[in-house]
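Chemist: Chains as they are written, first to last, in the UniProt record's numbering: chain A, 1 to 1007; chain G, 1 to 109. C-beta: ideal position from N, C-alpha, C; glycine also. Please read these numbers as outputs of a predicted model, since none were measured by experiment. Can you keep this structure in mind? I'll have questions shortly.
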């Protein structure tokens, strides 16, 4: 049984007991506990089930590398799955639950999978579920979805708030252990602006646990004194900032770092945001991220109670928790002896230390033996006894094949397979690694660092993260690198005295990748590499045998290292096994790619404040509030919101649209067209420039006249359209689509700046400077005449002309253009007077039947007239010729954007689908996007097609369905009926007709 | 996230302020060009591991286009310069030669 010890626990405040629940059970802990230490203190060693075989799993580690203890945490709006118990600080009222079991943790139906484990080897999904194909959808997939996966997705909206934070520093130190603190001190004293961040709630790191056990001293004093003094010195420096609970999540190009700060996870009732995402720009990044202990691969190494040796002593020293009364220690290096010493000093039993090295260890082995702990050298664990809890271990020789020498009863096993520097942050942005044979680990290759814009290394690894595995080396390394970082950031480096360090030297470790080295298949298939994804030694060997030789392939085939812990414990052991299977040295196999984030960060932190109303800025026209007050049903158009229609009380949106169309055609409609793009193009070369931008000839447009123009990409495809007005000799005003103004302006600037930079042209996007109102319908002129001012008679302002003046006392520019086929004026006024002008029109128009209309009425009226809409008739693959717009393609011009492209054979192909009108035989409305079928089937057995619907509406004017579409040889097939199968199972028949359904001769707009 | 110096407004701009515009020094072919020329203009691009010339726009800044010479492998930036040129300035080419002797890119070296 794991339990709370009477003494010890340097993190605990025993005066502050807290209560929490695990799977509904009320348990007690102390402030300072993690969820993991509190569970262990309550005897809860088994905390979950494994992913594939649903095997019982216990806590393995004490930090971010924990693979097993993933919890459902919180409830309702604060529920979150997959939270590591080892990094969850305990608070009063915490609710946690174990994952991946059914019906409960102790009894789990899925555990039956373990009985079939011989058949659930690497790649079994690929092998098993291929045939027969229909079974995948109806049998395999539902079953796998039910049994696989870890936590449940939250069902409620996240109740917490989050924020982003931007900061620039000279030197960012990631990691608050002794190396990080010493590096920060050196950089800080040199005058650099320093930020030191530490992912846990405590400064000092591993040395705070290990050095007191090893009787190591810094400057003649215990390590905690050095840490406290250094911390205090840093705290005093105005150029140094320090943050706890802030993890370096990722390192990106040119010194950009994402930090993940957990502000209130340990105190959920505190005010303020829960998490903060730090966006840090640093000239130099010092990674003092320490090292992670590796497990050993022996049969049953996943049984609850088998833990990392470092974690076992962390729980004793930091939390006053013993993981068992009798702990067997198994190791290939000296550090695990500290665990034995810690247990013994806490009054617990260590029946035996198994040291796989034939010669055993150095000074620490002697220290352990002096405490009376038996040490067996050259020995290994053949297998662990027990299922839900360790009950004992069978001992064998490491050199052999697992013949059992004896069995030892114990309730926990502390294992150490050596240490791997945390090289993640070094590697994120391209830092390379080198294999250190002495320590059997990868450490940063400082000759191949991530580089900044000047080509210099911008990440500097220090301490154990740099493979400096003794604290004397680590402190020296950190001091030197802290200075170097400050210097690179432009400061004069000042040395910091390196204190005298006494700490026992460790004997050489010996790589042990499999225990015992000759373990037969029966043992290898119980020797876990990746606990979370259930990958065993035998799986990796099978992958190699089946030809997955690249480490990246073997990873994906076996899923080694692909779980939420991203292989922090498993990767090195896995690739050692792979290398052995391939008969090649480990560096030749290499590692998989380290990608950010270091540990999973919350989606909330990534989103920050960007949610709800502030997710995206909304652009508003001057009349927006009026529309809102008059019941507008909104439609998003780019960043704008436009009224789709103005339904009246008890009127449906559809009925409102019908009414708006009829009223506009019969009386008077008003449209807020302010969103229409407006770009001024001015200069001696403006005409020449617009001749390149538009397919039409714009340079010949007379002052005072308007012309409809098309814009194509250089690839020939139609991208935008709009009316161009010539304002004066060297000024044109280009109208664009509502969504297109910014991109069209960008497009113009791109060509002006990068191709025709010697042309004298200026552009200005004045879209928001004007409010624009379309006054449309037979009564349009009447209302304007009533308001008074500018002469808007047919003679004074003809169709496709524009004029400047005053209407209702407001300065106005009136364009006689029509997108509806009715008598129509589009009137631009200064944005500040838009609302006043709109209200004046509504008031004066009352006697003429004025009503506002929305975008849907606009769309129907343009479709009744056969006018195309960018985004409906075009989709990035359509050229003007497809739409019968040959008349808008100037034949007099040598060149315009898209002209050369439209000469390509595919563009000139007569079988390109062409625009036609479509009239359903029974008056129904064609389904949007429906395809017209042709005879026969294609190579995939699908019906051949001969056209598709691009716009389709119910026309209230004609009281029938009308549509436009692109049809093979369409214009030559007038009167022919073609079929459109709908997704509703019905087949719609439509006759090919002219796309202009209404007022073909244009008499109504030209009055 | 890259930092590039905008040669127009003088700001060291974060990548979030910038808009990438693909390869620099592409020669435009219009009507009258052969299919091969037009294809090379519209579709054929370098994909080097090493020295590269790119177009960038300081989109959320001064709005100007400029060119950048940088190493796609180490992310080292050799320099930024005006977009209103058909070839990299000699000064930039010299900087690259100093760091990557023997480099070449399209017709430049």
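#1: Quick check for students: name the residue ranges of the alpha helix (DSSP H) that lie wholly in the region 150-230 of chain A, counting only runs of 4 or more.
#2: Using only the alpha-carbon positions, how far apart do residue 20 (chain G) and residue 53 (chain G) sit?
#3: Counting only Cβ pairs nearer than 7 angstroms, list the residues of chain G close to residue 750 (chain A).
#4: Counting only runs of 3+ residues fully inside the region 754-812 of chain A, write out the beta strand (DSSP E) ranges in chain order.
#5: Going along chain A, which residues have a C-beta under 8 angstroms from residue 31 (chain G)?
#6: With three or more C-beta pairs closer than 8 angstroms as the rule, is the region 491-511 of chain A touching the region 207-218 of chain A?
#7: Taking Cβ positions, are residue 455 (chain A) and residue 76 (chain G) nearer each other than 8 angstroms?
#8: With three or more beta-carbon pairs closer than 8 angstroms as the criterion, would you say the region 382-389 of chain A touches the region 358-371 of chain A?
#9: Is there a Cβ from chain G that is less than 8 angstroms from the Cβ of residue 714 (chain A)?
#10: Shorter than 8 angstroms from the beta carbon of residue 847 (chain A) to some beta carbon of chain G?
#11: With respect to the beta strand (DSSP E) encompassing residue 908 (chain A), which residues constitute its N-terminal and C-terminal limits?
#12: Using a Cβ-Cβ cut-off of 8 angstroms, state whether residue 83 (chain G) counts as contacting chain A.
#13: Starting from residue 77 (chain G), find everything on chain A with Cβ-Cβ shorter than 7 angstroms and list it in chain order.
#14: Are at least three pairs of beta-carbons, each pair with one atom in the region 337-348 of chain A and one in the region 434-450 of chain A, less than 8 angstroms apart?
#15: I'd like to know whether the C-beta of residue 92 (chain G) is nearer than 8 angstroms to at least one C-beta of chain A.
#16: Could you compute how far the alpha carbon of residue 630 (chain A) sits from the alpha carbon of residue 834 (chain A)?
#17: Helix or strand or just coil, what does DSSP make of residue 579 (chain A)?
#18: Would residue 1009 (chain A) pass as an interface residue toward chain G - the criterion being a Cβ-Cβ separation below 8 angstroms?
#19: First and last residue of the alpha helix (DSSP H) that includes residue 663 (chain A)?
#20: What do you get for residue 1031 (chain A), buried or exposed, if any count of 16 or more other CB atoms within 10 angstroms of its CB means buried?
#21: According to the neighbour-count rule (16 or more other Cβ atoms, all chains shown, within 10 Å of its Cβ), is residue 11 (chain A) buried or exposed?
#22: Whole angstroms is fine: what's the gap from residue 1 (chain A)'s alpha carbon to residue 348 (chain A)'s?
#23: Which of the residues in the region 98-109 of chain G, read from start to end, lie with their CB under 9 angstroms from any CB of chain A?
#24: So with CB distances below 8 angstroms, who are the chain A contacts of residue 2 (chain G)?
#25: Assuming residue 990 (chain A) is part of the beta strand (DSSP E), what are its boundary residues?
#26: Smallest Cα separation from residue 922 (chain A): which of A:988, A:870 and A:867?
#27: To the nearest angstrom, report how far apart residue 519 (chain A) and residue 419 (chain A) are at their CA atoms.
#28: Residue 757 (chain A) touches chain G at which residues, Cβ-Cβ below 7 angstroms?
#29: Answer yes or no: does any C-beta atom of chain A fall closer than 8 angstroms to that of residue 72 (chain G)?
#30: For residue 777 (chain A), which residues of its own chain have a beta-carbon under 6 angstroms away from its beta-carbon, when the five flanking residues on both sides are left out?
#31: Applying a beta-carbon distance threshold of less than 9 angstroms, which residues of chain A neighbour residue 28 (chain G)?
#32: Just reading off the alpha helix (DSSP H) that residue 57 (chain G) is part of, what are its end residues?
#33: In this structure, how does DSSP classify residue 15 (chain G) when only helix, strand and coil are distinguished?
#34: By the criterion of Cβ-Cβ separation under 8 angstroms, what are the contact partners of residue 55 (chain G) in chain A?
#35: When DSSP labels each residue in this structure, what does residue 859 (chain A) get in the three-state scheme?
#36: So who's on the other strand from residue 536 (chain A), going by DSSP bridges?
Modeler: A quick look at the data gives this:
#1: 178-189 and 207-214
#2: 12 angstroms
#3: 65
#4: 762-765, 770-776 and 802-807
#5: 894, 895, 899, 900 and 903
#6: yes
#7: yes
#8: no
#9: yes
#10: no
#11: No beta strand (DSSP E) holds residue 908 (chain A); DSSP gives it neither H nor E.
#12: yes
#13: 453
#14: no
#15: no
#16: 16 angstroms
#17: helix
#18: Coverage of chain A is limited to positions 1 through 1007, which leaves residue 1009 (chain A) absent and any answer about it impossible.
#19: 653-666
#20: The structure shown does not extend to residue 1031 (chain A), since chain A is modelled only from 1 through 1007, so no value can be given for it.
#21: buried
#22: 12 angstroms
#23: 99
#24: 253, 254 and 453
#25: 987-993
#26: A:988
#27: 23 angstroms
#28: 84
#29: no
#30: 664, 667, 668, 669 and 822
#31: 714 and 755
#32: Unbroken run through residue 57 (chain G) is the beta strand (DSSP E), 51-57; no alpha helix (DSSP H).
#33: helix
#34: 754
#35: helix
#36: A:528
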